[in-house]
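Chains as they are written, first to last, in the UniProt record's numbering: chain A, 1 to 241; chain B, 1 to 241.
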């Protein structure tokens, strides 16, 4: 569990070095890959399809809870993109079996429990959770896709790599955080909180070989890089990870 | 108010005559039109844009509340289509002004109050409300569009006329109603309940001339036909209107 929670013990004092904020693209993803730990195709597709549906539902909920119509409109593309990705993954499942829901169903309870844990208690926490957790999960499923057979991996990566529409969340939150130090402090704590649960749910999607030592050796560098990518997302929000 | 609530006093005894169930198309719309009562372009667009956003939010909420993944997938297109229509109406507003939310804002409180009234107390009532009330409102804004200047009317009608994705709601509800007479009886009452509030919110969008008598003469046949279209939707669900 050190891999997952070790970052919580990092010294809180940080020197802020100005850095270019890169466009969110694949260059920000870990250089390692999880190919050895990729599950079978259908469990992979079932999980990633439901994760995208969950992102859609959480964004939709945040749209409904938005204080202004302007905010609803900023968030609408993120809902549309997640729904589109869900439907494209369902189409991938349907190429293989007739009833996509049977492939997805085994994973809904675990993911729903996780969603309840990271939903947050107000609109700002909800938005921060969506941006941070969906970012980690998109990275994770992109890495796992490297181990899928044939052209399935590249097709799944192309779906995940399409625009997320979540840049609007950065705009909304970074403005609010810049204007309110107390909010920034609260969301920084919240951002540190959700990453642990998210890495645990990611870990549950990994196909372990049964050799704990070699599994850990494979997982550790990947999770370390995923946490680094998370830290960059925290930076973009104006938060100390 | 007789126009709005008169249908509640229709005799409940009905002879069921088998009829062809037409595809939902413009031939089922009232033959009358509301051109004389159409508001200015921007208030029209602000209202219809927010109504579509509200439909999106209500469908999204029903997706989140769905008991199965299969049901979520059946409902997803209805959310996607409503969001797309919202965005197309916002694009129409943006052709005219820079800040669409300022055009929409004046109408959100009234429409939100209405939404709370017709939301229903469980998933089935929620689905019935979406199908029935969105159907009435789509008809209504299609009729109003006849009075918009230039090519704005045809463009708005084309947006509203695109697939709603709500056929899945008919499938879900008619199966459930066929299997459970108590549910059918409850939803029939609920369907009669929501139409009154929906016609009231539609009425609030009409530009009245200030001459109550001539206004009523224009409104009455339109609302009578809208109620007839509502009755056909109730039929499709297997409910007595």
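All residues carry an ideal CB built from backbone N, CA and C; glycine is no exception.
Any beta carbon of chain B sitting closer than 7 angstroms to that of residue 199/A? no
What residues in the stretch 54-69 of chain B have a beta carbon less than 8 angstroms from any beta carbon of chain A? 56, 57, 60, 61, 63, 64, 68, 69
Roughly how many whole angstroms lie between the Cα atoms of residue 203/B and residue 222/B? 11 angstroms
With a cut-off of 7 angstroms, does the C-beta of residue 177/A fall near any C-beta of chain B? no
Going by beta carbon distance, what residues of the same chain come within less than 8 angstroms of residue 160/B, once the five residues before and after it are set aside? So the list reads 48, 85, 138, 141, 142, 145, once near-sequence residues are dropped.
Is it a yes or a no for the stretch 147-164 of chain B touching the stretch 224-236 of chain B, going by three-plus beta-carbon pairs under 8 angstroms? no
Anything in chain B within Cβ reach of residue 130/A, meaning under 8 angstroms, just list it in chain order. Under the 8 angstroms cutoff, chain B gives no residues; its nearest Cβ is about 14 angstroms from residue 130/A.
Starting from residue 110/A, find everything on chain B with Cβ-Cβ shorter than 7 angstroms and list it in chain order. Identification of chain B residues near residue 110/A by a Cβ-Cβ cut-off of 7 angstroms yields none; the smallest Cβ-Cβ distance measures about 13 angstroms.
Count the other CB atoms, across all protein chains shown, that sit within 10 Å of the CB of residue 68/A; report buried if there are 16 or more and exposed otherwise. The residue is exposed, with fewer than 16 neighbouring Cβ atoms inside 10 Å.
Cβ of residue 191/B within 7 angstroms of Cβ of residue 132/B? Yes; because the gap between Cβ atoms is below 7 angstroms, this pair is in contact.
Contacts that residue 169/A makes with chain B (C-beta to C-beta distance below 7 angstroms): Within chain B, no residue comes near residue 169/A; the closest Cβ sits about 17 angstroms away, beyond 7 angstroms.
Inter-residue CB distance, residue 136/A and residue 224/A (contact presumed, cutoff 8 angstroms): Not quite, the Cβ-Cβ distance comes to about 13 angstroms (not below 8 angstroms), so this is no contact.
Could you check which residue in 179/B, 212/B, 171/B, 214/B has the C-alpha nearest to that of residue 236/B? 171/B
For residue 195/B, the nearest candidate out of 129/B, 166/B, 152/B (CA to CA): 129/B
Taking 7 angstroms as the cut-off, decide whether the C-beta atoms of residue 54/B and residue 115/B are in contact. yes
Distance cutoff 7 angstroms, beta carbons only. Does residue 180/B sit that close to anything in chain A? no
Proximity test, Cβ basis, 7 angstroms: residue 185/A and chain B: no
Local conformation of residue 106/B per DSSP, three classes: When DSSP states are grouped into helix, strand and coil, residue 106/B belongs to the helix group.
Among 45/B, 80/B, 193/B, which one has its Cα closest to the Cα of residue 57/B? 80/B
Top-ranked residue by Cα proximity to residue 89/A, from 78/B, 88/B, 73/B: 73/B
List the whole-angstrom C-beta distance separating residue 104/A from residue 46/A, where the pair is believed to meet the contact cut-off of C-beta under 8 angstroms. 5 angstroms
Which class does residue 184/A belong to by DSSP, given the choice of helix, strand or coil? helix
Output yes if chain B places a C-beta closer than 7 angstroms to the C-beta of residue 204/A; else output no. no
Closer than 9 angstroms, Cβ to any Cβ of chain B: which residues of the stretch 73-102 of chain A, in chain order? 73, 76, 77, 79, 80, 83, 84, 86, 87, 90, 99, 100, 101, 102
Kindly list, in the order they appear in chain A, the residues whose Cβ is closer than 8 angstroms to that of residue 159/B. By Cβ distance, chain A contributes nothing, its closest Cβ being about 15 angstroms from residue 159/B, past 8 angstroms.
Under the three-state DSSP convention, the category residue 121/B falls into: Coil at residue 121/B, not helix or strand.
Between the alpha carbons of residue 22/B and residue 177/B, how many angstroms are there, rounded? Confidence in residue 22/B is poor, its pLDDT being 42 and thus under 50, which makes the residue's placement unreliable; the coordinate value appears in the next sentence. So the two alpha carbons sit approximately 20 angstroms from each other.
Within 7 angstroms of any Cβ in chain B, is that where the Cβ of residue 163/A sits? no
Grab the span of the alpha helix (DSSP H) containing residue 79/A for me, first residue to last. 69-94
Assuming residue 230/B is part of the alpha helix (DSSP H), what are its boundary residues? 212-237
Distance, residue 62/B Cα to residue 87/A Cα: 17 angstroms
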